[in-house]
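A.B. asks:
Protein chains: 2
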Amino acid sequence: MDVRSPLAYASASRSRFLSELMDFVRFPTVSASPSRSDDLRRCAHWLASHLRGIGLERVAALETSGHPVVYGEWMRAPGRPTVLVYGHYDVQPADPVAAWHVPPFEPAVVGADLFGRGASDDKGQVFAHVKALEAYLGTLGRLPVNVKCLVEGEEEIGSPSLAGFLAGHERLLTADVLLASDTRFLARGRPAITYALRGSLSLELGVAGPGRDLHSGVYGGAVHNPLQALCEIVCGLHDAAGRIAVPGFYDAVRPVVPSERAYMTRVGPGDAQMLRDAMIRRGWGEAGYSLYERTTIRPSLTVTGLPGGYPGPGLKAVIPSVATAKIDVRLVPDQRPAEIERLMRRHVARVAPATVRTAIRTLSSSRPVTVDRRDPVLRSAAKAYRRGFGASPVLLRLGGSIPAVGLLQGRPGGSTVLMGFGLPDDGIHSHNEKFHLPNFYGGIATSIWFLSDVGRCHAPRGGASS
Amino acid sequence: MDVRSPLAYASASRSRFLSELMDFVRFPTVSASPSRSDDLRRCAHWLASHLRGIGLERVAALETSGHPVVYGEWMRAPGRPTVLVYGHYDVQPADPVAAWHVPPFEPAVVGADLFGRGASDDKGQVFAHVKALEAYLGTLGRLPVNVKCLVEGEEEIGSPSLAGFLAGHERLLTADVLLASDTRFLARGRPAITYALRGSLSLELGVAGPGRDLHSGVYGGAVHNPLQALCEIVCGLHDAAGRIAVPGFYDAVRPVVPSERAYMTRVGPGDAQMLRDAMIRRGWGEAGYSLYERTTIRPSLTVTGLPGGYPGPGLKAVIPSVATAKIDVRLVPDQRPAEIERLMRRHVARVAPATVRTAIRTLSSSRPVTVDRRDPVLRSAAKAYRRGFGASPVLLRLGGSIPAVGLLQGRPGGSTVLMGFGLPDDGIHSHNEKFHLPNFYGGIATSIWFLSDVGRCHAPRGGASS
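Encoded structure:
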């Protein structure tokens with residue numbers, strides 16, 4: 000299909016596209032906050048109405064056991080493959096809000112960047128595909144492939160409702176190619192296709208001590224402070240060399256072959272770049288692996304919050320009755336979340352002091368994902384990047400997780416393309432998140448090229464045209 | 000002076016006194032919260048107006064570098080001693096607010112208890128003395144002693160402005176007897192005079208890592224998580240036996256003589272009562288000392304909060320750029336706050352890993368307080384308790400700190416009476432704080448008897464009638 004008019008349309012529509020993206024970012028769709036449920040619902044309906052407006056069909060904000068899934072499709076390309084575009088409209092909490100230069104849900108363009116929570120992760124990225132579809136439908140009236148869009152509202156909390164939702168909509172979501180843009184470039188101007196994601200296991204480790212909060216003057220010295228007991232347990236989760244000290248934790252880790260490690264060293268970020276991106280002077284972690292390897296082919300365990308006691312300004316003289324560690328474990332093949340959860344529970348039960356009670360709650364989990372690097376659909380993606388950004392993408396592993404990819408890519412023969420448009424310095428999950436606008440516009444062009452190439456070069460596989 | 004009419008007045012005025020105390024508790028005077036400054040100011044003016052209303056003179060809400068000090072006096076008893084009544088109108092934060100059965104600043108009577116933040120600590124206790132003064136002035140038109148009242152608004156944050164304030168008002172505050180009620184009974188129906196308080200040192204230990212928050216999936220395993228580094232430092236503050244592991248920490252601790260330890264064992268709370276009061280099954284801490292001793296004649300170190308990362312519901316996949324430990328150290332004679340601060344700073348500088356930066360900020364400090372147990376004024380206090388509550392008080396050490404007492408008791412020859420009306424289960428610094436109303440009314444009577452006895456039995460000492 001001739002891409003000239005869609006590209007011209009996209010190019011001429013940039014300021015409207017940006018203004019619409021800002022409307023999208025304005026919804027405070029923090030999926031972790033129960034108080035934001037209505038905002039997520041309003042955003043889902045806004046997005047559904049938007050997809051309907053550009054010409055998608057069977058559009059709906061479908062109910063799940065949590066936040067709605069927005070669905071839309073265009074299935075009028077018989078004999079062509081079906082591309083399932085995945086993204087998410089929910090965002091990370093904006094905390095610490097005071098650290099933002101702009102209010103997180105009042106998006107603002109500064110230079111070539113759009114600042115706002117979710118601008119890069121993932122509203123801007125999924126919206127690039129939406130605008131590519133609009134560019135086709137608004138000029139040629141059709142798409143070069145069949146397309147299904149699935150935009151969920153729970154990615155940032157580990158997609159807890161998605162497996163149940165998919166079980167009820169299996170036929171709706173069959174496709175030949177899963178296209179997800181929730182990843183990133185190697186660096187500015189250097190695109191990347193992600194071929195591996197770590198799995199995840201999110202736990203809350205609770206420690207309970209006295210039956211009520213106590214005055215830390217009156218009782219300090221006679222009561223095991225749950226916050227301190229929690230610190231002791233947390234300390235014991237790593238050894239002095241930065242390895243995870245939970246017995247059996249590494250048993251299922253599959254070694255990566257030397258040829259792939261050599262490739263990673265050649266094309267991936269070096270330690271210096273990793274440190275620069277992280278804005279830190281020294282690395283940390285397991286000996287024998289580069290920083291890039293530590294974050295991708297090795298598992299990790301991060302305490303992401305320690306609520307308990309008094310977090311406010313000044314001081315409160317208190318021994319809190321309970322304290323909680325939020326723990327984010329990242330997994331690599333062939334670690335299974337359920338097995339790691341079992342090992343964690345056994346370890347904590349064994350090391351917890353008798354002076355407190357402990358409990359572990361699992362919030363979410365997902366399996367590691369790998370994509371066959373030789374899949375020809377990746378060549379179409381690489382070609383599209385060269386057209387959209389003037390540069391060949393590298394193949395990267397990424398330390399993050401996208402539970403939906405593991406759930407959606409299960410079918411044999413299906414392709415997965417993790418086509419990132421973010422930059423390492425986008426500040427996703429941090430304050431001052433931004434999306435680099437040249438990546439938004441380049442992403443739209445790349446998506447236009449990619450859909451065209453998939454339509455021309457790839458045949459549908461089994462079950463695609465349901 | 001005949002106490003019959005003041006006692007009858009107090010007895011007949013109970014329901015009005017309670018209603019006024021509820022008005023006092025209704026002010027959300029959380030001194031730790033900068034956003035509550037206006038509430039503290041409004042409360043200070045309400046209290047000043049109240050003191051003026053009962054007949055005190057030279058009443059004012061005096062400015063300090065922080066929250067106002069409320070002052071009032073009645074100095075028309077020449078030849079009689081001067082009693083300085085100390086209390087505080089500020090309160091602890093009400094967190095966690097959701098745990099309260101009643102809203103913390105909407106005081107409510109349930110059975111014989113008044114629930115509300117500050118009901119026991121310290122509004123109800125200081126108000127008992129105010130009502131005793133009213134009972135005298137409203138019936139006899141005079142007091143049996145000269146009285147100065149000093150009610151401050153920063154006790155719960157360590158009285159940071161008080162030393163500066165006192166330096167500017169030295170003559171105003173000279174007195175023969177310092178009377179402070181911010182302590183507690185041994186148990187219900189068993190009054191206590193506190194004869195020792197621990198000192199305090201409040202620190203914030205900050206750990207800084209990456210220059211911005213990082214995605215814990217993308218960077219987990221390659222960056223030393225400041226929250227984890229903080230846990231490691233916190234763990235190293237105690238040894239496995241529950242002793243504080245900061246080198247030199249115990250060097251200045253003065254051993255308590257065996258006769259006093261025997262007295263403490265005889266009259267003080269046993270381990271079983273301490274555990275019951277704390278609502279916990281097992282004790283913890285330094286071997287060789289009872290729980291009561293661990294909280295009074297031994298120092299302690301409590302982490303009272305670990306802000307950093309994401310404390311909210313659900314999860315946020317983040318490596319926070321900074322994390323902070325709020326640390327409450329309690330000191331015993333002859334530990335000096337400045338020396339302990341120096342030891343803490345040296346220790347943290349030595350153990351902190353090179354992957355993070357640390358900083359220590361001192362929020363407040365106070366020296367330990369001891370009162371001569373043979374001071375004859377304590378006998379007047381004991382006699383007053385017997386009249387007010389029908390029971391003899393024991394002499395107790397308390398693990399808490401009242402910085403003002405250390406600052407005010409400095410004069411040679413002056414007496415200090417720590418006359419507590421609280422109960423161990425009042426839940427001070429916890430949710431559901433309450434004040435036992437029989438202790439409020441008994442406290443008023445005890446104060447009436449005490450002032451009368453001091454006026455009759457004790458002569459003024461130097462500088463009292465300024």
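Those protein sequences? They're chains C and B, same order as listed. Following numbering that gives the first Met the number 0, the numbering of the first sequence begins with 0 at its first residue and continues without gaps. Following numbering that gives the first Met the number 0, the numbering of the second sequence begins with 0 at its first residue and continues without gaps. Glycine included, every Cβ here is placed at the ideal spot set by N, Cα and C. In this text, all values refer to a predicted model and were calculated from it rather than measured experimentally.
#1: What residue does the beta strand (DSSP E) around Asp327 (chain B) start on, and which one ends it?
#2: Given Ser391 (chain C), which residues of its chain have a CB within under 8 Å of its CB, disregarding the five upstream and five downstream residues?
#3: If we ignore side chains and look at the alpha-carbon of each, how far apart do Ala166 (chain B) and Thr63 (chain B) end up?
#4: Alpha carbon to alpha carbon, how far is Leu362 (chain B) from Arg378 (chain B)? Give it in angstroms, no decimals.
#5: Name, please, each residue of chain B whose Cβ falls closer than 9 Å to the Cβ of Glu259 (chain C).
#6: If you drop the 5 nearest sequence neighbours on each side, which residues of the same chain put their C-beta closer than 7 Å to that of Tyr291 (chain C)?
#7: With a threshold of 7 Å on Cβ separation, who are the neighbours of Val355 (chain B) within its own chain once the five nearest residues in sequence on each side are excluded?
#8: Once you ignore the five residues that flank Ala76 (chain B) on each side, which residues in its own chain have a CB closer than 8 Å to its CB?
#9: Mind listing which residues of the stretch 138-156 of chain B have their C-beta closer than 8 Å to chain C's C-betas, in chain order?
#10: Given a cut-off of 9 Å on the beta-carbon distance, is the pair Leu185 (chain B) and Val393 (chain B) in contact?
#11: Enumerate in chain order the residues of its own chain whose CB-to-CB distance from Ser414 (chain B) is below 6 Å, with the five nearest sequence positions on each side excluded.
#12: Using the Cβ count rule (16 or more neighbours within 10 Å means buried), how would you classify Ser299 (chain C)?
#13: Please determine, among B:Arg297, B:Leu422, B:Trp448 and B:Asp452, the residue with the shortest C-alpha to C-alpha distance to Ala111 (chain B).
#14: Chain C beta carbons: is any one of them nearer than 9 Å to that of Asn431 (chain B)?
#15: Compare the C-beta of Met418 (chain C) with all C-beta atoms of chain B and state if any pair is closer than 9 Å.
#16: Are the Cβ atoms of Val84 (chain C) and Val125 (chain C) separated by less than 9 Å?
#17: Please classify Val233 (chain C): does DSSP put it in a helix, a strand, or coil?
#18: Whole angstroms are fine: how far does the CA of Ile156 (chain C) sit from the CA of Phe248 (chain C)?
#19: Taking Val101 (chain B) as the reference, give the member of B:Leu314, B:Ala271, B:Val317 and B:Lys433 with the closest Cα.
#20: When you check each C-beta in the stretch 26-41 of chain C against every C-beta of chain B, which residues fall closer than 7 Å?
#21: Compare the C-alpha of Ala251 (chain C) against each of C:Glu231, C:Val58, C:Val331 and C:Leu200 and name the closest.
#22: Could you compute how far the alpha carbon of Tyr288 (chain C) sits from the alpha carbon of Arg187 (chain C)?
#23: Classify Ser400 (chain C): buried if its beta carbon has 16 or more other beta carbons within 10 angstroms, exposed otherwise.
#24: Could you pull the start and end residues of the beta strand (DSSP E) that Ile192 (chain C) belongs to?
#25: Can you tell me where the alpha helix (DSSP H) holding Arg57 (chain C) begins and where it ends?
#26: With a cut-off of 8 Å on the beta carbons, I'd call Gln91 (chain C) and Asp121 (chain C) a contact; round off their distance for me.
#27: Taking 7 Å as the limit between beta carbons, can you name the residues of its chain near Pro159 (chain C), skipping five residues before and five after?
#28: Could you name each continuous beta strand (DSSP E) segment of 3 residues or more that falls completely within the stretch 317-403 of chain C, going from the start of the chain to the end?
#29: So what does DSSP say about Ser429 (chain C), is it helix, strand or coil?
#30: In terms of residues, what are the limits of the alpha helix (DSSP H) holding Asp452 (chain C)?
#31: By the 7 Å beta-carbon criterion, what residues does the stretch 221-232 of chain B contribute toward chain C?
#32: Measuring CB to CB, does Val69 (chain B) end up less than 9 Å from Leu149 (chain B)?
#33: If we require 3 or more residues per run, which beta strand (DSSP E) segments fall completely within the stretch 245-311 of chain C?
#34: To be precise: take each residue of the stretch 70-96 of chain C, compare its Cβ to all Cβ atoms of chain B, and keep it if any distance is under 7 Å. Which residues remain?
#35: With a cut-off of 9 Å, does the C-beta of Arg281 (chain C) fall near any C-beta of chain B?
#36: Helix, strand or coil for Leu407 (chain C) per DSSP?
C.D. replies: In this structure, then:
#1: If you number the second sequence from 1, residue 327 (chain B) lands on position 328. Under the DSSP assignment, Asp327 (chain B) falls in the beta strand (DSSP E) whose first and last residues are Val321 to Leu330.
#2: Taking the first residue of the first sequence as position 1, residue 391 (chain C) is located at position 392. Cβ within range, chain order: Pro190, Ala381, Tyr384 and Arg385.
#3: To locate residue 166 (chain B), count along the second sequence from 1; it is residue 167. To locate residue 63 (chain B), count along the second sequence from 1; it is residue 64. Straight-line Cα distance between these residues: approximately 11 Å.
#4: Mapped onto the second sequence, residue 378 (chain B) falls at position 379. Mapped onto the second sequence, residue 362 (chain B) falls at position 363. Going by the C-alpha atoms only, they are around 37 Å apart.
#5: By 1-based counting over the first sequence, the position of residue 259 (chain C) is 260. Going along chain B, no residue has its Cβ under 9 Å from Glu259 (chain C), so there is no contact; the nearest lies around 18 Å.
#6: Along the first sequence, read from residue 1 onward, the residue named residue 291 (chain C) stands at position 292. Met263, Gly267, Pro268 and Met273.
#7: Mapped onto the second sequence, residue 355 (chain B) falls at position 356. Excluding positions up to five away in sequence, the list reads Val206, Ala207, Gly208, His223, Pro225 and Ala228.
#8: Within the second sequence, residue 76 (chain B) is the residue found at index 77, counting from 1. Result list for Ala76 (chain B): Arg141, Leu142, Pro143, Val144, Asn145 and Gly454, in chain order.
#9: Glu155 and Ile156
#10: Reading the second sequence from its first residue, position 186 is the one you call residue 185 (chain B). Reading the second sequence from its first residue, position 394 is the one you call residue 393 (chain B). In this structure, Val393 (chain B) lies closer than 9 Å to Leu185 (chain B) by Cβ.
#11: Along the second sequence, read from residue 1 onward, the residue named residue 414 (chain B) stands at position 415. Only Val176, Asp374 and Val376 meet the Cβ criterion.
#12: The count along the first sequence starts at 1 and reaches residue 299 (chain C) at position 300. Buried.
#13: Here the question's residue 111 (chain B) lines up with position 112 in the second sequence. Of the listed residues, the one whose Cα sits closest to Ala111 (chain B) is B:Leu422.
#14: Position 432 of the second sequence, counting from 1, holds the residue named residue 431 (chain B). So, interface residue.
#15: Residue numbering aside, residue 418 (chain C) sits at position 419 when the first sequence is read from its first letter. No, because no Cβ of chain B sits closer than 9 Å to the Cβ of Met418 (chain C).
#16: Taking the first sequence and counting its residues from 1, one reaches residue 84 (chain C) at position 85. Taking the first sequence and counting its residues from 1, one reaches residue 125 (chain C) at position 126. Taking 9 Å as the Cβ cut-off, Val84 (chain C) and Val125 (chain C) qualify as a contacting pair.
#17: Counting from one through the first sequence, the residue named residue 233 (chain C) turns up at place 234. Looking at Val233 (chain C) - three-state DSSP - the assignment turns out to be helix.
#18: Numbered from its first residue, the first sequence carries residue 248 (chain C) at position 249. Numbered from its first residue, the first sequence carries residue 156 (chain C) at position 157. If you take the alpha carbons of Phe248 (chain C) and Ile156 (chain C), they lie about 23 Å apart.
#19: Residue numbering aside, residue 101 (chain B) sits at position 102 when the second sequence is read from its first letter. The residue with the shortest Cα to Cα distance from Val101 (chain B) is B:Lys433.
#20: Ala31, Ser32 and Pro33
#21: As a working note, residue 251 (chain C) is residue 252 in the first sequence. It is C:Val331 whose Cα lies nearest to the Cα of Ala251 (chain C).
#22: If you number the first sequence from 1, residue 288 (chain C) lands on position 289. If you number the first sequence from 1, residue 187 (chain C) lands on position 188. Those two C-alpha atoms are separated by around 25 Å.
#23: Here the question's residue 400 (chain C) lines up with position 401 in the first sequence. When all chains shown are included, Ser400 (chain C) counts as buried.
#24: For the purposes of this step, residue 192 (chain C) is taken as the residue at position 193 of the first sequence. That run of the beta strand (DSSP E) goes Ala191 to Leu196.
#25: Translated into the one-based positions of the first sequence, residue 57 (chain C) becomes position 58. Arg57 (chain C) -> not in any alpha helix (DSSP H); beta strand (DSSP E) instead, spanning Glu56 to Leu61.
#26: Position 92 of the first sequence, counted from the start, is the residue given in the question as residue 91 (chain C). Position 122 of the first sequence, counted from the start, is the residue given in the question as residue 121 (chain C). At roughly 10 Å, the Cβ-Cβ gap does not stay under 8 Å, so Gln91 (chain C) and Asp121 (chain C) are not in contact.
#27: On the first sequence, residue 159 (chain C) is found 160 positions in, with the first residue counted as 1. Hits under 7 Å: Gly65, Glu153 and Ser363.
#28: 321-330, 356-365 and 393-397
#29: One-based indexing of the first sequence puts residue 429 (chain C) at position 430. It is coil, neither helix nor strand.
#30: Locating residue 452 (chain C) in the first sequence gives position 453, where the first residue counts as 1. That run of the alpha helix (DSSP H) goes Leu436 to Cys456.
#31: Ala221, Val222, His223, Asn224, Leu226, Gln227, Cys230 and Glu231
#32: Residue 69 (chain B) sits at position 70 when you count from the first residue of the second sequence. Residue 149 (chain B) sits at position 150 when you count from the first residue of the second sequence. In this structure, Leu149 (chain B) lies closer than 9 Å to Val69 (chain B) by Cβ.
#33: With a minimum length of 3 residues, the continuous beta strand (DSSP E) runs that stay inside the stretch 245-311 of chain C are 299-304.
#34: Gln91, Pro92 and Asp94
#35: Taking the first residue of the first sequence as position 1, residue 281 (chain C) is located at position 282. With 9 Å as the cut-off, Arg281 (chain C) counts as an interface residue toward chain B.
#36: Taking the first residue of the first sequence as 1, we reach residue 407 (chain C) at position 408. Reduced to three states, the DSSP call for Leu407 (chain C) is helix.
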